[in-house]
C-alpha cells in the first residue's frame, strides 16, 4: 500500500482504498464540514478542494453530504479519483497537510439529511428465526417472503448519529397471559445489526429504477442499529406493521463508504428459489451481494459476527422493488438491509435471536447474563470488507448506550 | 357575516372564520408565496404583512409554510388575529387590495415540506369493514385495536399536491387461487378519504407530547387521499404492514385550516370501551373529536359522505401515542386519520368498502359501474365543518386523476 505519502498501516480500515465520507467539526471550529477519513486523519475536503481549485469544490463545501449526494455518479467518481491522486502524489502533501485533522479529535455528525427511511427484512435466517419465535404455530417464512424483499417505512426524524444515547422507550405491551395491556418501560429492548444504503441521485416519480441502475442512484454504505422494543412491537404490529417498537431511535455510523470502494467485496448472492419475477433478477454478471463481515459487541464483549454475504435479497433488488410501483427516491433517502443473521448463534444480529426470545440468555464475561438490554449497556457494531489489492475496507462503528426511561 | 369589507357570501367556505393557509404562485410571478384564502381571493400574506409592517412578516415571507409552522402557537394566534382585523377594518382595504389575487387564477403547491408521514387506522367502522373483507375467518378488529391507535409510517417523498396525476402502480399480486405471483398494473386501485394534521412546533427527542398539548404542536388540518393498490397490499402486507400498496402517491389538499378555526367543530368522540390507558385519555373537558363532514366524488358523482365525528381515536390521542415512546415530531411531520367511514354505504371512505371487496360494484349515472378505479377516473374529496357564529368552515378539495401504468 504505497499509494499515499501518509504513513498508514497496510491493514488500516481507512486506507487509500476506502476513503469514506462524513461530516465533522472541530473543537476550535464548530461549523460542520465534509471530511474524508484517511488512516488516523480526517481531510477537510471542502477546504482542500478549494485550496487546490478542484472543479467539484462546491459540491463538498457545505455542512452535509447532501450536495455531493445530489451531484450524481460522474461527480462521485471524479471526487474519489481526485482524492486518491492527491494522497498518492507527494507534490500535493503541502496543499493537504493544513487540512488534515487527527481523527480522534473531531466530532462526527449525521452525514446527510435523511429523507425517507425504509427498513427491509432480507436475511432468510433472521426472518426464519423471528417467525419461529413470534409465530411458533405457523410456517416461519410468510408465503410472500421468497417472492419480494419485504420492507416498511421507518421514522426518519429519529435517525441519530452513532454515540447518541438511546432513551429506553415507554409504551404498551401485552402478552396473551395478560388480562389487559401493561404500560411502562420496554422490558425487551433489543438491537438489530444492519447495513444501510443512501440514495444520491434521485429518480422521477412514476418511473422505476431497474436492478442494473443501482450504482447510478446509491452513493454509499454505512452501518445501522435499528433499536427495537420487542414487547411493544409484539403487541402493536398486527395488522399494519412495526411502529412505536422501532420509531424511538435508529442509529447510523458516521462514515459513508462509497460504493466504488466495494468493488472487491462484490459476491454472488445465495441462489434464489423460486426464481424471482423479472424486475428482481440480478443484472447479468453484475451481482450485488456484498462480502461485508459485521461484528456486534455488548459492553466490549463480542456477541456475534453476522455475515452480510448471506443476505437473500441484494440492495440492488431492494431498490428495484421499492420503486417498481412508481415511488420515487430522493437524495438522502436511505434503506437498511434488515437484521443480518447467518447460520447459528455466532452469526445472529439481534438479542431476540441470540437469547432465542429470552429463553436462553447470553452469558457475558464475569458471570452476567443478558436476554435483552439493560440501562447502561453499550452496543457497538463494526464491519469490514475486502478492498482492492488485498486491503481492508472498514466501516467504522455505530454505537449507542441505553439510558433509563423517562416516565 | 359583516366582519370584512370584502363581499363574501354568508355561506362561503372560505369566509373570515376560516382563513386557511396555502402556498401559491401566479402566471406572472412563478415564485411561491404564502397565501390566505378569503372568499374567492387569495391574500399574498407576506406582501401584505411587509406592506403593513407586521412583526411576523418574516415568518410568512418564504416559499412555504415552514417558517410559520416552526414559529409556534403564539405566533399562529397573532397572525390569525391580525389577518382577521385587517379584513374587518375598512381602513386596511387600501393596503390589502393590491395583494389580493383571484383564487381561480392562482396555482397552488404543496404547502409545507413534509417530514415524516404517519397514517393511522382510527375509524372503527373502516377497520371492521377491512377486517371482514381481508380476513373473513377472523375477528374483524385485532385485539390491540381498542387499546391503541394503530398506525404506520408512509412514504413522505411521494406526498403530492391536489391535482397531481396518479400513475397507476405496477407490482406483484397473488391471491390464494394463483399458483405464483402475477406482475402488472394494479387491478384494484382505490382511494382512502382521510383528514391530515400537520405538526408545527417540534417536540424534543425522548419526551412525550401529552394529549393536552395537542394544540401547542399541531398547526392545522387538511384533506388526504391515501391512494391504495389493494391487490399489491393484500399480497405484501403480512408481516410488516403496507409498503408498495401505498407508497406510490398520497395526495393532500392545498389549504391548511388552522386549528383555531375549528373551535366550533369540536365535539365529543365516541365512548371508548374499554377505557384507554391514562396517556390516551381525553384531556378534561377538552375533547378533540371534530365534526368534519367529508364528501367523496368519482367523476363528479357523489359516492359517500364520511363523518369524521365518528372516529374512535382523536388526533390528540394519535399524537400522544405517536410520541409516548420518546419519538420526536418535527415541523412538517404530518399524520393522517386513517380512512373515515361511518355506518352504512353512504358513509364509507374507500371503494374497497363501497364495493365490498369488489363483490358489489358501485353504480354510476349512465349505467357505468366501478369496483375499483379505472384509468381516467377523477376522485375529489371535499369537506366542511361548523364555524363560529353559524358560519361554514371549508377545506377545499383534494383531487387526482388516474393515468395509465407505465410498463
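Protein chains in written order, with UniProt numbering: chain Y, 1 to 407; chain C, 1 to 407.
Note that CB positions come from ideal geometry on N, CA and C, so glycine has one too.
Chain Y contact for residue i (CB, 9 Å cutoff)
i	result
residue 319/C	no
residue 82/C	no
residue 10/C	no
residue 325/C	yes
residue 244/C	yes
residue 218/C	no
residue 107/C	no
residue 169/C	yes
residue 406/C	yes
residue 207/C	yes
Residue i - partner residues in DSSP beta bridges
i	result
residue 38/Y	41/Y
residue 225/Y	193/Y, 251/Y
residue 293/C	307/C, 384/C
residue 108/Y	24/Y
residue 274/C	Bridge partners of residue 274/C: none, in fact.
residue 102/C	41/C
residue 282/Y	None; residue 282/Y has no bridge partner.
Residue i vs residue j beta-carbon contact at 9 Å
i	j	result
residue 162/Y	residue 108/Y	yes
residue 119/C	residue 151/C	yes
residue 393/C	residue 13/C	yes
residue 324/C	residue 244/Y	yes
residue 387/C	residue 35/C	no
residue 189/C	residue 132/C	no
residue 358/C	residue 372/C	yes
residue 383/Y	residue 334/Y	no
residue 331/C	residue 176/C	no
residue 205/C	residue 327/C	yes
residue 258/C	residue 290/C	no
residue 155/Y	residue 153/C	yes
residue 268/Y	residue 287/Y	yes
residue 3/C	residue 96/C	no
residue 391/Y	residue 378/Y	no
residue 200/C	residue 73/C	yes
Within-9 Å CB hit, residue i to chain C
i	result
residue 247/Y	yes
residue 311/Y	no
residue 157/Y	yes
residue 5/Y	no
residue 13/Y	no
residue 125/Y	no
residue 241/Y	yes
residue 1/Y	Reliability of the predicted coordinates at residue 1/Y is poor, the pLDDT of 45 falling under 50, and the value obtained from them is presented with this limitation in mind. No, its Cβ sits nowhere closer than 9 Å to a Cβ of chain C.
residue 118/Y	yes
residue 359/Y	no
residue 278/Y	yes
residue 235/Y	yes
residue 346/Y	no
residue 151/Y	yes
residue 366/Y	no
Residue i CB to nearest heavy atom of the ligand GDP below 8 Å
i	result
residue 192/C	Looking for the ligand GDP in the displayed structure turns up nothing, as the structure carries no ligands at all.
Contacting residues, own chain, Cβ-Cβ under 7 Å from residue i (five flanking each side not counted)
i	result
residue 226/C	119, 192, 194, 246, 250, 336
residue 145/Y	127
residue 54/Y	82
residue 113/Y	64, 66, 332
residue 18/C	257, 261, 387, 393, 394
residue 270/C	310, 312
Own chain partners of residue i with C-beta closer than 6 Å, once the 5 adjacent residues on each side are dropped
i	result
residue 122/Y	149, 311, 312, 313, 337, 338
residue 356/Y	none
residue 5/C	90, 93
residue 22/C	35, 108, 111, 254, 255
residue 181/C	172, 174
Own chain, CB closer than 8 Å to residue i, minus 5 neighbours either side, in chain order
i	result
residue 406/C	167, 170
residue 58/C	67
residue 346/C	304, 305
residue 207/C	323, 326, 328
Unbroken alpha helix (DSSP H) runs of length 4 or more, entirely within the stretch 299 to 350 of chain C: which are they? Whole alpha helix (DSSP H) segments, 4+ residues: 315 to 323.
For the stretch 135 to 212 of chain Y, which segments carrying the alpha helix (DSSP H) assignment without a break, of at least 4 residues, lie completely within its bounds, in sequence order? Taken in chain order, the complete alpha helix (DSSP H) segments of 4 or more residues contained in the stretch 135 to 212 of chain Y number zero; there are none.
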